[in-house]
Amino acid sequence: MIRVARILLAALAAVTVPIGTARAGDPDARAVEAFERLPVQDGGRVKPIASFARFTLLRVSGGASPADDEGRRYSASEWLLRLALFPELAKDDPVLLVEDSQALVAVGIADAEHGKRDRWAYSTLVPALPGLLERAHAAEGIAAGTRTSIQEQTVRVAESALTVLRLGRTFDFARHRIPLVEGTRVAALFPARADASVADVIERGPEIARLERDLAATDDGREKGAVSALWRAASDLCADAQILAWIPPAASVAAEPDWKTPADLLVAARRGEAVAEAHLGLLRVAEEVVARRTDPARLGAALEELVSRTSALAAARGEIADLDVEVAYQRLGLLRWANALFVAAFALCALGWLRTRSLFLSRAAWIAAGAGLALLVIAVATRCWIRGRPPVSTLYETVLFVSATGAVVAMVVERIQRQRIHLAVACLVGAGGLFLASGYEALDGQDTMPSLVAVLDTNFWLATHVTAITLGYSAGLLAAALGSAYVLVALVRGERADAERQRSLARSVYGVACFALCFAVVGTILGGIWANESWGRFWGWDPKENGALLICIAQIALVHARRAGLVRDLGTCVAAAFGGTVVAFSWWGMNLLGVGLHSYGFTSGIQRALWTYYVVQWSVVALGGVVWLRRRGVTRARSSAESLAIAALDAGTPAATGNSVPPALPRRTAPAAKSAVR
Amino acid sequence: MQRKYFESFVLMHDAGPVSIPLPGANLVLSLLALNLVLGGFVRIRKSRETIGILVTHAGIVLLLVAGFVKHHASQDGRVTLREGESAAWFESDVAWELVVRESLADGSCARARRAVRGARNAARPTRPRRSPRTVCPSRSRCARRSRTAGRRLTAPACSAPEPRDKEVIARMKFAIARGHGTPPLAGLVWGAQSAPFAATVDRRRFEFDLRRERHALPFTLTLADFRKEDHPRSNMPRSFESDVVVDGERTVTISMNEPLRADGLVVYQASWGPQGAAPGAVLFSTFAVVRNPADSLPLVACIVIALGLMHHFTRKLARHVRLQRAAHGAVA
């Protein structure tokens, strides 16, 4: 698996060689490829630095791969490596996203070059940084939700600027050397040297600490000053390295779960503890990396050395089994490709409606959609593999799962009904879901494979309750999409719509709604059983529980109304379209309410997308009403014409017998109108 | 607030200037049960076609029964233990009881207690009862003596609980009869008072205390150790675990999603503290305790419903696919 991933990686690296001229200080491909695999501990888990870089850049820049001045795109790992090795150049790169430049005007920065929403270079923000931080600090005191958008922006920009500042100084401990005061006893610990690196200080740490204790009894100000200046300089150089923990401890995971930063090693050394040889070795290799930054060949080798040493230490603790898989996942961007394929397949389907006899178009659409689905499924499976968890454990993953299962169900229905419309809806669900996923990922800017809090950390319930309820969401939304298609076709084609096709489409809407009902009901009850298992109550009228109940009620109402004959095809489809908004409300809307056990956080961008969906679906429901009124009008006209004709027959007028339908209506649509209104 | 909407038959919803009468969850659920029985069992056509539907409806009825049993026959509450502490009782989250103690001459203590139905948190005031009965925890000498103390209690008149520091704490007014001719002695107790209300009647000294209603545990629970672990280098909790000793014999670990089930009771990890305690400090762990005779009924209902739905819909789907195949075959 890992070897295959590596080969794939190499192949992909060959294909995606960046086009355009590299800037000074741009790391070469070998260095980036080595760097991506550096394991770090972040957010409670060990991950490749590629993942750390990706989500940090998403937060800072709002995009996974921004472009430089010349339009050349670079990956998150390239950005991070350049920032760490060449901070003096990288500070001029425009990466810091400012959504609303008003936030900067308030601290006295404004220029004509930047737009309202634009990416700024760190160096242009530096003059205003103190003011920005001060305002951000004040804004953080205000409760979330009551801040203005400018205050939100100020906080976000200040956080981004600090992140860039600290990442740029991550390797300061390996970049600078500390001058020694000649003739002092502390300088004598470093024989024949005018200066010392942080690694040297950590290596001699116990001796310096002993010297410091000895000096405490004397009142030699010069000697004492030299020692404390050395400690201070070393800890200043390490301060910003704390953002990245990339040094695995020598002890076992149980004994020492936390990875270390150079600052932690310095603290240990100052306490008089001898620092492990392996850790000192890592610091020396880091120095080597920084020293070779302008020499591509040796930089790559030094980075590979750093990665192999770190990985060996982590592997000894049994912590980095699937790091290469995750690097490959981040690098391949399977979801992007899947999205492109779904969009292409949808275009092919649309062309297929124009040329209904083209076998080629239909096959091409199937192949593109199938390939998109395959990539999506592989991506979901890879995520399961990496984290050893069922497919859905976070809100982000529900989106992937809903897209994948929605597309699968739609394709299965297409195989049964053979109508060409289900395949198109499958592509729509797949592409829409993946757009939503990438949008949410960028908005959130957090690791999408995070550690889980205690109550969620249970594979059994994630695999049963969460999977079932998410399948319910997926089928509910699919039924809504198919129902909307029915209403729109009925509206646009009116009496010319193919009655048999429409009936078959309505049947599939009903079928998918039944599928949704099954999983929503079972998933909801399983959720109650889980709650009973962890808190001792089956049902607590929690918002998310109420949302799940609403979905169940909506689907139950639909199924019963159809069985009882209260609604026919049109009614079923309108109800399914409305059911989609119930699902969306329960899936996303509930989280935006910001209360309850299941709320994951608030994002205003989601609010907008959600309301767009509500409005679209409610419009479909309203249009369904229009179709109903029109059909009723047609039936009335028809029945009155029929009674006229019968009256004419009774009167013995032979002219009326040939045409029992008013001339305004084409004859063949009469059964359609009848069956639809029935 | 939740009780107002979800544990009532009819309620008045305050919508700004006007109040709208709304049906409460009890009424809605009762109507649902009635409708389910009439529509899903009585009126439905019974044939091989509808087996799945009938089974599904039976499952939903089972679920409603589970809810009914839980609502009427379950006890729930919590017990908080410091590391090293033991308890053989748990206390209710909502219900209160009045405890009467008499200090006896031999230094022992007679005790009587009485559940105060009206003094539930956020409940309406209830009418005083005519003949209060004293509930005795055991048939000991204490209990015999305490019955006399109990008789001296006249009907407790419970007033509506008043909010205090955002938390609802019950308070209760009562009167103590003092023989013929002497006016009764009025008393007032608060749920959170630090010392009991003391009164001397006939040269006997009584103490009155209002506290959360206590239920006996059929075993003694001792907290040996509580552990809270975070994910490394983050403040996201990875696990909460309590090692408890049951009856001084067997040690069980209770953690999130892994409760202790014993003697019809389920003990869950609910809370812990003190927050931000220094490493090595003595921690406390709070357990939720539930006695629910219908504990496993929802699982059975879930399986029944799943089977019913699956049976019905797979039958229909299979038939539809068959017809569709035939139709396509006819076209071809």
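As they're listed, the protein sequences go chains A and B.
Numbering follows our numbering, in which position 641 of the first sequence is assigned residue number 683; successive positions increment by one, without gaps.
Numbering follows our numbering, in which position 313 of the second sequence is assigned residue number 723; successive positions increment by one, without gaps.
Just so you know, even glycine gets a beta-carbon here, dropped at the ideal spot from N, CA and C.
> Whole-angstrom Cβ separation of A/S107 and A/S117, contact assumed at under 8 Å?
Replying inline: Against the first sequence, residue 107 of chain A aligns to sequence position 65. Against the first sequence, residue 117 of chain A aligns to sequence position 75. About 6 Å separates the two Cβ atoms, so the contact holds.
> Under the three-state reduction of DSSP, which class applies to A/W572: helix, strand or coil?
Replying inline: Reading the first sequence from its first residue, position 530 is the one you call residue 572 of chain A. Three-state result, A/W572: helix.
>> Rounded to the nearest angstrom, what separates A/V434 and A/R604 at their Cα positions?
In response: Residue numbering aside, residue 434 of chain A sits at position 392 when the first sequence is read from its first letter. Residue numbering aside, residue 604 of chain A sits at position 562 when the first sequence is read from its first letter. Computed Cα separation, rounded: 32 Å.
> Under 8 Å between the Cβ atoms of A/V441 and A/L478?
Replying inline: As a working note, residue 441 of chain A is residue 399 in the first sequence. As a working note, residue 478 of chain A is residue 436 in the first sequence. In contact: A/V441 and A/L478 (Cβ atoms closer than 8 Å).
>> Just to make sure I have the definition right: I need the residues of chain B whose C-beta is within less than 9 Å of the C-beta of A/S576. Which are they?
In response: Sequence index remark: in the first sequence, residue 576 of chain A carries index 534 (1-based). Going along chain B in sequence order, the residues near A/S576 (Cβ under 9 Å) are M666, N667, E668, P669, Y678 and Q679.
>> With H, G and I counted as helix, E and B as strand and the rest as coil, what does DSSP make of B/E507?
In response: Here residue 507 of chain B corresponds to residue number 97 of the second sequence, with the count starting at 1. In the displayed model, B/E507 falls within a strand according to three-state DSSP.
> the stretch 707-723 of chain B: which residues have C-beta closer than 8 Å to a C-beta of chain A, in chain order?
Replying inline: Cβ contacts with chain A: P708, L709, A711, C712, I715, A716, L719, M720 and F723.
> Are A/V317 and A/A310 closer than 8 Å when you measure CB to CB?
Replying inline: By one-based count along the first sequence, residue 317 of chain A stands at place 275. By one-based count along the first sequence, residue 310 of chain A stands at place 268. Result yes, Cβ atoms of A/V317 and A/A310 sit closer than 8 Å.
> Just the Cα atoms here: how many angstroms apart are B/V509 and B/L598?
Replying inline: Your numbering for residue 509 of chain B matches position 99 in the second sequence. Your numbering for residue 598 of chain B matches position 188 in the second sequence. Distance between the alpha carbons of B/V509 and B/L598 is about 13 Å.
>> Does B/R445 pass the burial test, meaning 16 or more other C-beta atoms within 10 Å, or should it be called exposed?
In response: Within the second sequence, residue 445 of chain B is the residue found at index 35, counting from 1. Note that residue 445 of chain B is Asn in the sequence shown, not Arg. Exposed: under 16 other Cβ atoms inside 10 Å.
> Mind pulling the chain B residues with CB within less than 9 Å of A/R460?
Replying inline: In the first sequence, residue 460 of chain A corresponds to position 418, counting from 1. Residues of chain B passing the Cβ test: Q734 and H738.
> How is A/G104 classed by DSSP in three states: helix, strand or coil?
Replying inline: By 1-based counting over the first sequence, the position of residue 104 of chain A is 62. If DSSP states are grouped into helix, strand and coil, A/G104 belongs with coil.
>> Between which residues of its own chain and A/G474 is the CB-CB distance below 8 Å, once the five residues before and five after are set aside?
In response: What you label residue 474 of chain A is simply residue 432 of the first sequence in a count that begins at 1. So the qualifying residues of the chain are S445.
> What residues in the stretch 287-302 of chain A have a beta carbon less than 8 Å from any beta carbon of chain B?
Replying inline: Residues A287, P299, D300 and W301.
> Ends of the beta strand (DSSP E) at A/W301?
Replying inline: Numbered from 1 along the first sequence, position 259 holds the residue referred to as residue 301 of chain A. Per DSSP, A/W301 belongs to no beta strand (DSSP E) and is neither H nor E.
> When you compare each of A/F384, A/N574, A/L568 and A/H321 to A/A354 by their alpha carbons, which one comes out closest?
Replying inline: Here residue 354 of chain A refers to the residue found at position 312 when the first sequence is read from its first residue. Minimum Cα distance to A/A354 is reached at A/H321.
> Cβ of A/L485 within 8 Å of Cβ of A/G622?
Replying inline: Looking up residue 485 of chain A in the first sequence gives position 443. Looking up residue 622 of chain A in the first sequence gives position 580. No, the pair does not count as a contact, with Cβ atoms beyond the cut-off.
> B/R614 lies in the beta strand (DSSP E); which residues open and close that run?
Replying inline: In the second sequence, residue 614 of chain B corresponds to position 204, counting from 1. First-last of the beta strand (DSSP E) with B/R614: R614 to D640.
>> Closest to A/A339 by C-alpha separation, out of A/G86, A/V74 and A/S681, would be which residue?
In response: For the purposes of this step, residue 339 of chain A is taken as the residue at position 297 of the first sequence. With distances taken between Cα atoms, A/A339 lies closest to A/V74.
>> Going by the DSSP bridge assignment, what does B/H423 pair with across the sheet?
In response: For the purposes of this step, residue 423 of chain B is taken as the residue at position 13 of the second sequence. Among the bridge pairs identified by DSSP, B/H423 is matched with B/I430.
> Helix, strand or coil for A/L324 per DSSP?
Replying inline: Looking up residue 324 of chain A in the first sequence gives position 282. For A/L324, the secondary structure class from DSSP, reduced to helix, strand or coil, is helix.
> Using DSSP with H/G/I as helix, E/B as strand and the rest coil, what is B/K480?
Replying inline: As a position in the second sequence, residue 480 of chain B is number 70, starting the count at 1. Under the three-state reduction of DSSP output, B/K480 falls in the helix class.
> Of the residues A/G675, A/G667, A/W670 and A/W630, which one's Cα is nearest the Cα of A/Y655?
Replying inline: Taking the first sequence and counting its residues from 1, one reaches residue 655 of chain A at position 613. Checked all of A/G675, A/G667, A/W670 and A/W630; the closest Cα to A/Y655 is A/W630.
> Can you list the residues of chain B that A/D499 reaches, using a CB-CB cut of under 9 Å?
Replying inline: Taking the first residue of the first sequence as 1, we reach residue 499 of chain A at position 457. Result: R648, S649, M666 and N667.
> Would you call A/F94 buried or exposed, if buried means 16 or more other Cβ atoms sit within 10 Å of its Cβ?
Replying inline: As a position in the first sequence, residue 94 of chain A is number 52, starting the count at 1. The residue in question, A/F94, is buried, as its Cβ has 16 or more Cβ neighbours within 10 Å.
> Which of helix, strand or coil does DSSP assign to A/L308?
Replying inline: Start at 1 with the first residue of the first sequence, and residue 308 of chain A comes out as number 266. Correct three-state label for A/L308: helix.
> Exposed or buried, what is A/A416 when buried is set at 16 or more other beta-carbons lying within 10 Å of its beta-carbon?
Replying inline: Residue numbering aside, residue 416 of chain A sits at position 374 when the first sequence is read from its first letter. Classification of A/A416: exposed, given that the 10 Å Cβ count is below 16.
> Should the stretch 257-275 of chain A be called in touch with the stretch 173-181 of chain A, which here means at least 3 C-beta pairs below 8 Å?
Replying inline: Counting Cβ pairs under 8 Å, fewer than three are found: no touch.
> Can you name the residues of chain A whose CB is closer than 7 Å to the CB of B/H467?
Replying inline: Numbered from 1 along the second sequence, position 57 holds the residue referred to as residue 467 of chain B. Near B/H467 there are no residues of chain A at all, since even the closest Cβ is about 11 Å away, more than 7 Å.
> What residues of chain A sit near B/R643, judged by a beta carbon separation below 9 Å?
Replying inline: In the second sequence, the residue the question calls residue 643 of chain B occupies position 233. Going along chain A in sequence order, the residues near B/R643 (Cβ under 9 Å) are Q83, D84, G85, G86, A287, P299, D300 and W301.
> Going along chain A, which residues have a C-beta under 9 Å from B/D486?
Replying inline: Within the second sequence, numbered from 1, the residue matching residue 486 of chain B stands at position 76. Under the 9 Å cutoff, chain A gives G578 and R579.
>> When you compare the stretch 559-566 of chain A with the stretch 502-521 of chain A, are there three or more beta-carbon pairs, one atom per stretch, that lie closer than 8 Å?
In response: Yes: the two stretches touch, three or more of their Cβ pairs being nearer than 8 Å.
> Do the stretch 571-586 of chain A and the stretch 600-617 of chain A touch if we need at least three Cβ pairs shorter than 8 Å?
Replying inline: Here the stretch 571-586 of chain A does not lie against the stretch 600-617 of chain A, with fewer than 3 beta-carbon pairs under 8 Å apart.
>> So that I know if they touch, is there some Cβ in chain B lying closer than 8 Å to that of A/G621?
In response: Translated into the one-based positions of the first sequence, residue 621 of chain A becomes position 579. No, A/G621 does not count as interfacial toward chain B.
> Which partner residues of B/S652 appear in the DSSP bridge assignment?
Replying inline: One-based indexing of the second sequence puts residue 652 of chain B at position 242. Answer is B/F636 and B/I664.
> chain A beta carbons: is any one of them nearer than 8 Å to that of B/R530?
Replying inline: On the second sequence, residue 530 of chain B is found 120 positions in, with the first residue counted as 1. Because the pLDDT of B/R530 is 43, which lies under 50, any placement of that residue in the model is unreliable, and the question is left without a value.
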